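Visitor: Here the numbering used here is used: the first residue of the sequence shown is 165, the next is one more, and so on. Below is a structure I'd like to ask you about.
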Amino acid sequence: MSIITRYLFKEITVNVLLVALALIAMFSFFDLIQELESLGRGNYGLGKVILFVLLSAPGHIYEIMPVAVLVGSMYSLGQLARHSELIVLRVSGISLFNITKNLLKTGLIFTLLTFCIGELITPLSEKLAQRMRIKATDSVIVQDFMSGLWVKDGRSFVNIEEVLADATLLNIHIYEFDKNFKLVRVNHAKNGQFADEQWQLQSVSQTHFDGDTNRVQHLEKATWRSLIRPELLNVLLVLPEKMSAWNLYAYIDHLQTNKQKTTRYEMALWAKAIYPLACLVMIILALPFAFIQQRATGASTKVFIGIMLGVLYQILNRTFIYLGVLNDWTPAISAMMPTVLFLIAGLVMLYQVDRR
């Protein structure tokens, strides 16, 4: 590693990490404020609130890393330009291409870091955080199996084979036990929807066990009061964007085998593959601003521009993903489009700077 590469690496890395730390602190503070509303529910004390916030932090790191790279790089390069260091590099015979190549080495490190956090840490920490919170606040224990979602609800064990996006439950099996853990009734329902603080079940079959005898009762409709709520199910099911690429691939294969729609999960899989590369793109986008602005603007303006561009990237990223899911666009194109647009913008500006 050359002296110039080490110098640029040090300058950019320090500022990127400082920006990332500030953003993580901000998002964690918002999480803490939100979680304080649930403080005291069940055994959800302050210690578990803080633990939940800490376990949620890796997810925020993954989301903000490209923005942190952009803002930190713009600030660092702006300071180098302000002190004429970039000009000295260029007049010393170092081309813009070589400067960009050295900066991309730093960007590659953040790309790998983002990928590792998104693949190895975030899926595990998110699941641990949500399950810890659910268990502490609602006394519900959850475990996922190939047969669907299993939930402990008081003295009952509930098996839900499928949960739709609108929280409609399909193929519900409720196994009710008495205080001696003896099976007293089994309920099977075709589907269920939440209304008036209870579940409205359709096409219900109830099997009652009384000693050595049992009887079966069929009902067109029935109500079911439970600790399970739609919002609870939403957090139990890990969002596709929070799943690891391997789990996404396996689940897509499962859905295809059962001839189910996979667009949302394919979109999430491609986004997982493309998103870390945004760190490299942000480096390319940040470099032209150092030459264009020179001494015309201060550090605060550069930080503001960087944040606005980062917010724009996140908005475009989510917009293209949602539009892709709604309109059945090709997942790869929808996931790549925001990153490609920013890459083109960065390369065009670099070309104009190089021609000056």
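Quick reminder that beta carbons are idealized off the backbone N, C-alpha and C, glycines included. In this text the structure is predicted, and so the values were computed from the model without any measurement.
How should W410 be labelled, buried or exposed, when 16 other C-beta atoms within 10 angstroms of its C-beta is the threshold for buried?
Guide: As a working mapping, residue 410 is identified with position 246 in the sequence shown. Looking at its Cβ environment, which holds fewer than 16 other Cβ atoms inside 10 Å, W410 is exposed.
Visitor: State the Cα-Cα distance for the pair H247 and A293, rounded to the nearest angstrom.
Guide: For the purposes of this step, residue 247 is identified with residue 83 of the sequence shown, where counting begins at 1. For the purposes of this step, residue 293 is identified with residue 129 of the sequence shown, where counting begins at 1. Taking the straight line from one Cα to the other gives about 46 Å.
Visitor: Below 8 Å CB to CB, which residues in the same chain sit around L444 once its five sequence neighbours on both sides are set aside?
Guide: Here residue 444 refers to the residue found at position 280 when the sequence shown is read from its first residue. So the list reads L268, G271, L272, T275, once near-sequence residues are dropped.
Visitor: Please classify R482 as buried or exposed, where buried requires at least 16 neighbouring CB atoms within 10 angstroms.
Guide: Start at 1 with the first residue of the sequence shown, and residue 482 comes out as number 318. Its Cβ having fewer than 16 others within 10 Å, R482 is exposed.
Visitor: Out of Y486, L412, I168, F321, which has the shortest C-alpha to C-alpha gap to N266?
Guide: Numbered from 1 along the sequence shown, position 102 holds the residue referred to as residue 266. Here the closest residue by C-alpha is I168.
Visitor: Provide the residue(s) that pair with H382 in DSSP beta bridges, ordered along the chain.
Guide: The residue you call residue 382 lines up with position 218 of the sequence shown. DSSP output for H382 lists S369 as bridge partner(s).
Visitor: If you run the structure through DSSP and keep just helix, strand and coil, what is H224?
Guide: For the purposes of this step, residue 224 is identified with residue 60 of the sequence shown, where counting begins at 1. Helix, per DSSP.
Visitor: From the DSSP secondary-structure annotation, give me the bridge partner or partners of W363.
Guide: Along the sequence shown, one-based indexing puts residue 363 at 199. W363 pairs with F358, W388.
Visitor: Assuming Y226 contacts I281 (C-beta within less than 8 Å), just tell me the rounded distance between them.
Guide: For the purposes of this step, residue 226 is identified with residue 62 of the sequence shown, where counting begins at 1. For the purposes of this step, residue 281 is identified with residue 117 of the sequence shown, where counting begins at 1. About 5 Å separates the CB atoms of Y226 and I281; that is less than 8 Å, so the two are in contact.
Visitor: List the endpoints of the continuous beta strand (DSSP E) containing F341.
Guide: If you number the sequence shown from 1, residue 341 lands on position 177. Element bounds for F341: 333 to 341.
Visitor: Can you have a look at Y515 and say buried or exposed, based on whether 16 or more other CB atoms are within 10 angstroms of its CB?
Guide: The residue you call residue 515 lines up with position 351 of the sequence shown. Per the 10 Å Cβ criterion, exposed.
Visitor: Quick check on this structure: which residue in F453, T377, W363, G375 has the alpha carbon closest to the alpha carbon of A386?
Guide: Mapped onto the sequence shown, residue 386 falls at position 222. Here the closest residue by C-alpha is W363.
Visitor: Quick test of the definition: if touching needs 3 or more C-beta pairs under 8 Å, does the stretch 484 to 500 touch the stretch 430 to 446?
Guide: yes
Visitor: Measuring CB atoms only, is the stretch 247 to 262 touching the stretch 185 to 202, in the sense that at least three cross pairs come out at less than 8 Å?
Guide: Judged by Cβ distances under 8 Å, the stretch 247 to 262 makes no contact with the stretch 185 to 202, as fewer than three pairs qualify.
Visitor: Taking the beta carbon of S256 as the centre, do at least 16 other beta carbons fall within 10 Å, making it buried, or is it exposed?
Guide: Residue mapping note: residue 256 aligns to position 92 of the sequence shown, counting from 1. Under this definition S256 is an exposed residue.
Visitor: Per the DSSP calculation, H247 is bridged to which residue(s)?
Guide: For the purposes of this step, residue 247 is taken as residue 83 along the sequence shown, with counting starting at 1. Paired residues: none, contrary to the question.
Visitor: Compare the C-alpha of H224 against each of L200, T264, S289, R205 and name the closest.
Guide: Along the sequence shown, read from residue 1 onward, the residue named residue 224 stands at position 60. It is S289.
Visitor: Could you tell me which residues DSSP puts in a beta bridge with R349?
Guide: For the purposes of this step, residue 349 is taken as the residue at position 185 of the sequence shown. Paired residues: E340, H372.
Visitor: Return the CA-CA distance between L365 and N323, expressed in angstroms with no decimal places.
Guide: As a working mapping, residue 365 is identified with position 201 in the sequence shown. As a working mapping, residue 323 is identified with position 159 in the sequence shown. Cα-Cα distance, rounded: 14 Å.
Visitor: Below 8 Å on the Cβ atoms is my contact criterion, and I expect F453 with I479 to pass it. Report the Cβ-Cβ distance as a whole number of Å.
Guide: The count along the sequence shown starts at 1 and reaches residue 453 at position 289. The count along the sequence shown starts at 1 and reaches residue 479 at position 315. Between I479 and F453 the Cβ distance is about 20 Å, and since that is not below 8 Å, they are no contact.
Visitor: Determine the closest residue to A186 out of K423, V233, T301, L391, with distance taken between C-alpha atoms.
Guide: The count along the sequence shown starts at 1 and reaches residue 186 at position 22. Cα-wise, what sits closest to A186 is V233.
Visitor: Which of the three DSSP states is assigned to T377 in this structure?
Guide: In the sequence shown, residue 377 corresponds to position 213, counting from 1. In this structure, T377 counts as strand in the three-state DSSP scheme.
Visitor: Could you check the C-alpha separation between F216 and R297 for me, to the nearest Å?
Guide: In the sequence shown, counting from the first residue as 1, residue 216 sits at position 52. In the sequence shown, counting from the first residue as 1, residue 297 sits at position 133. Cα-Cα distance, rounded: 7 Å.
Visitor: Buried or exposed, going by whether 16 or more other CB atoms sit within 10 Å of the CB of I485?
Guide: Numbered from 1 along the sequence shown, position 321 holds the residue referred to as residue 485. Label assigned to I485: buried.
Visitor: Taking V512 as the reference, give the member of L449, S369, K174, L181 with the closest Cα.
Guide: Within the sequence shown, numbered from 1, the residue matching residue 512 stands at position 348. Nearest C-alpha to V512: L449.
Visitor: Can you tell which of K346, E325, N344 has its C-alpha closest to the C-alpha of I336?
Guide: Indexing the sequence shown from 1 puts residue 336 at position 172. I336 has its Cα closest to that of E325, out of K346, E325, N344.
Visitor: Could you check which residue in R428, V504, I438 has the C-alpha nearest to that of D492?
Guide: Within the sequence shown, numbered from 1, the residue matching residue 492 stands at position 328. Selected option, being the one with the closest Cα: R428.
Visitor: Closest to K466 by CA distance: which of Q243, P287, R205 is it?
Guide: Numbered from 1 along the sequence shown, position 302 holds the residue referred to as residue 466. Of Q243, P287, R205, the residue nearest in Cα terms is Q243.
Visitor: May I have the straight-line CA-CA distance separating M407 from A331, to the nearest angstrom?
Guide: As a first step, residue 407 is located in the sequence shown; it is residue number 243 there, counting from the start. As a first step, residue 331 is located in the sequence shown; it is residue number 167 there, counting from the start. Between M407 and A331, the C-alpha separation is close to 19 Å.
Visitor: Going by alpha carbons, who is nearest to R205 out of A300, Y339, Y239?
Guide: As a first step, residue 205 must be located in the sequence shown, where it is residue number 41. Closest by alpha carbon: A300.
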